[in-house]
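Asks:
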């Protein structure tokens, strides 16, 4: 008999050997063609489930254990109180006071039960999780390739900087060498000229002696010899003096000791580092997902918000570790980022390609786009000024010195449709500068407020002390506040925010790597981006009401993302 053949067990009991054609899952026995007819009409077994022998072999793959591991007895009971399948011994020892039912009764309707449905749903959601994370792996592989290409470019750029600097140093040194050579060549030519003059004088004396010997009388020769001897004596002294003073030059090069030690100390061009973050892939528990789907939405407007990734960006590194504190979509669709630690603004084209830096004298903090060519920038470290930058012509247009009393710092900045600037003046409150230069102050009794945004007649700002988003009228009247434990940041960060044209507020939670959408009444919220979207300490966020796009940047790793926001019909 092959492994796919079984004998009819009733026939075997009668001493006959027949092949079984049907399997009863309740009796766990095989039946031949004749015996199964009896089994089907018997009162106790007529409702049993029957399957083919081929299907029975498939069920062997399930490896369902019907024996109690502890007592080695067959399962026959079910405890609904503890949700456990039991043998008789289990019931007697541990569940005598429980609500026990017969296993057959408890199994009725198992195929249509919610338990099986939940398991199927869980498997389905787990498969979706895996599909999502396989997709993320593929995306991560592409990102890794882009990161490699970025590093290669950075190495070439750095090598070019080194070469350029070495070329400058070499040119400077060669110019010094040429100047040194010419200077000492002039000195040598001066001594050569002296020797030639002395040579000419001696040749004249020689000619005189020849003339005396051939043409002059003895008396003339005697007198002339005395005269020439005196002159030659003077020439001897002069020649000796010139020879003693004659310099011997030796031009040589002494390398800068710092450069030599640097060359000796450098063992490699750089170190390739990998920052590994575990748990960045997103996993939604199936039950958690069901709870999320049945929870209260943000509002009819934000409930139908969906984000469509337009592109990801990698910003170029600077001399210092990057610290992005703000970002903006300019009205010419270019993208601007404030890099505080490198004192620069970074500008990328709409397609994501890097365009240029704008070097600043201090550390920028926040950006607001005033109009089609001007952005205003605030600075860290107690500065009481803001700078207007013309991003079309790449020039600084003006610097506004703003009045202050005491130790005041300006941080977040925004503006309304009238062009009035709203600046967080820490710790006194919100400074308003109207278009005609009039200054007003709205005092706040809230600590550690660094970011704000204006939408129509409302202003929104966040406090990192109590994880809270506040809504005020621009006149200073408090409207509402929203607090959430995911609105957290470190002492070196803040809680940036932005508003769309629908009244929704987008707030970053850097410590939890989330972006949250809050309704315009502060009563509803939901997380719209998280770690699975490559958020890592999100620090800059900007919504462009003209294009309906949302720009977000991480604080430290130089990664940013641009999204299209799609609104549904409710």
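Numbering (UniProt numbering), first residue to last: 1 to 570. A virtual CB, placed ideally from N, CA and C, is assigned to each residue, including glycine. Model, not experiment: these values are computed from the prediction.
Out of 250, 231, 349, 119, which has the shortest C-alpha to C-alpha gap to residue 184?
Replies: If we check each option's Cα against that of residue 184, 250 comes out closest.
Asks: Indicate whether the contact test is met: 3 or more Cβ pairs, each with one atom in the region 203-213 and one in the region 242-258, closer than 8 angstroms.
Replies: No, the region 203-213 does not touch the region 242-258.
Asks: Would the beta-carbon of residue 495 fall within 8 angstroms of that of residue 513?
Replies: No, Cβ-Cβ distance for residue 495 and residue 513 is not below 8 angstroms.
Asks: Answer with buried or exposed for residue 539, where buried requires no fewer than 16 other C-beta atoms within 10 angstroms of its C-beta.
Replies: Residue 539 is buried by the Cβ-count criterion.
Asks: Considering Cα atoms alone, identify which of 554, 550, 503 is closest to residue 565.
Replies: Checked all of 554, 550, 503; the closest Cα to residue 565 is 550.
Asks: To test your reading of the DSSP string, which unbroken beta strand (DSSP E) runs of 3 or more residues are found completely within the region 54-82?
Replies: Listed in chain order, the complete beta strand (DSSP E) runs (minimum 3 residues) inside the region 54-82 are 77-79.
Asks: Consult DSSP for residue 351 and reduce its assignment to one of helix, strand or coil.
Replies: In this structure, residue 351 counts as coil in the three-state DSSP scheme.
Asks: Among 338, 65, 450, 323, which residue has its Cα nearest to the Cα of residue 411?
Replies: Selected option, being the one with the closest Cα: 450.
Asks: Can you give the beta carbon distance from residue 409 to residue 426, rounded, assuming they're within the 8 angstroms contact cut?
Replies: Right, their Cβ atoms sit about 5 angstroms apart.
Asks: Return the chain-ordered ranges of every beta strand (DSSP E) run that is complete within the region 96-138 and spans a minimum of 3 residues.
Replies: Complete beta strand (DSSP E) runs here, min 3: 100-102.
Asks: Report back the beta-carbon spacing between residue 366 and residue 432 to the nearest angstrom; my notes put them in contact at under 8 angstroms.
Replies: The pair is not a contact, with the Cβ atoms about 16 angstroms apart (cut-off 8 angstroms).
Asks: Looking at the strands, I want to know which residues DSSP matches up with residue 561.
Replies: Per DSSP, 312, 552.
Asks: Of all the options 271, 328, 478, which has the alpha carbon lying nearest to the alpha carbon of residue 546?
Replies: Answer by Cα proximity: 328.
Asks: As a quick exercise: from 492, 202, 218, 343, pick the residue whose alpha carbon is nearest that of residue 537.
Replies: Taking only the C-alpha atoms, the option nearest residue 537 is 492.
Asks: Do you know offhand how far residue 428's Cα is from residue 375's?
Replies: Spanning the two alpha carbons is a distance of roughly 24 angstroms.
Asks: Leaving out five residues before and five after residue 311 in sequence, what residues of the same chain have Cβ atoms less than 6 angstroms from its Cβ?
Replies: Result list for residue 311: 352, 562, in chain order.
Asks: Bridge partners for residue 459 per DSSP, in chain order?
Replies: Per DSSP, 454, 472.
Asks: To the nearest angstrom, how far is it from the Cα of residue 213 to the Cα of residue 223?
Replies: When rounded, the distance between both Cα atoms is 12 angstroms.
Asks: Which residue spans inside the region 385-459 form an unbroken alpha helix (DSSP H) run of at least 4?
Replies: Counting only runs of 4 or more, we get nothing.
Asks: Could you have a look at residue 52 and say whether DSSP puts it in helix, strand or coil?
Replies: It is a strand residue.
Asks: Can you confirm whether the region 39-46 touches the region 78-87 when touching is taken to mean that 3 or more C-beta pairs between the two stretches lie within less than 8 angstroms?
Replies: Touching, no.
Asks: Taking the DSSP output, what are the residues bridged to residue 157?
Replies: Answer is none; residue 157 lacks a bridge partner.
Asks: What did DSSP end up calling residue 20 once you bin it into helix, strand or coil?
Replies: In this structure, residue 20 counts as coil in the three-state DSSP scheme.
Asks: Mapping DSSP to helix, strand and coil, what is residue 210?
Replies: Helix.
Asks: Classify residue 156: buried if its beta carbon has 16 or more other beta carbons within 10 angstroms, exposed otherwise.
Replies: Exposed, because fewer than 16 other Cβ atoms sit within 10 Å of the Cβ of residue 156.
Asks: Under 8 angstroms, do residue 484 and residue 516 count as touching if we go by C-beta distance?
Replies: Closer than 8 angstroms, so yes.
Asks: Which partner residues of residue 226 appear in the DSSP bridge assignment?
Replies: Its beta-bridge partners do not exist; DSSP assigns none.
Asks: Give a yes or no on whether the C-beta atoms belonging to residue 462 and residue 497 are separated by under 8 angstroms.
Replies: It is a contact, given that the beta carbons lie within the stated cut-off.
Asks: Are the beta-carbon atoms of residue 442 and residue 386 separated by less than 8 angstroms?
Replies: The answer is no: Cβ separation not under 8 angstroms.
Asks: Quick check on residue 67: buried or exposed, where buried means 16 or more other Cβ atoms within 10 Å of its Cβ?
Replies: Label assigned to residue 67: exposed.
Asks: Just the Cα atoms here: how many angstroms apart are residue 55 and residue 72?
Replies: Whole-angstrom Cα-Cα distance: 27 angstroms.
Asks: Locate the alpha helix (DSSP H) running through residue 539, then write down its first and last residues.
Replies: From DSSP, residue 539 is part of no alpha helix (DSSP H) but of the beta strand (DSSP E) over 538-544.
Asks: Using the rule of at least 16 other Cβ atoms within 10 Å of the residue's Cβ for burial, across every protein chain shown, is residue 258 buried or exposed?
Replies: By the neighbour-count rule (16 or more Cβ atoms within 10 Å), residue 258 is not buried but exposed.
Asks: I'd like to know whether the C-beta atoms of residue 380 and residue 326 end up nearer to each other than 8 angstroms.
Replies: No, the Cβ-Cβ distance between residue 380 and residue 326 is not below 8 angstroms.
Asks: Which residue from 234, 177, 211 puts its Cα closest to that of residue 198?
Replies: Nearest of 234, 177, 211 to residue 198, Cα basis: 234.
Asks: At what residues does the alpha helix (DSSP H) containing residue 41 begin and finish?
Replies: That run of the alpha helix (DSSP H) goes 33-41.
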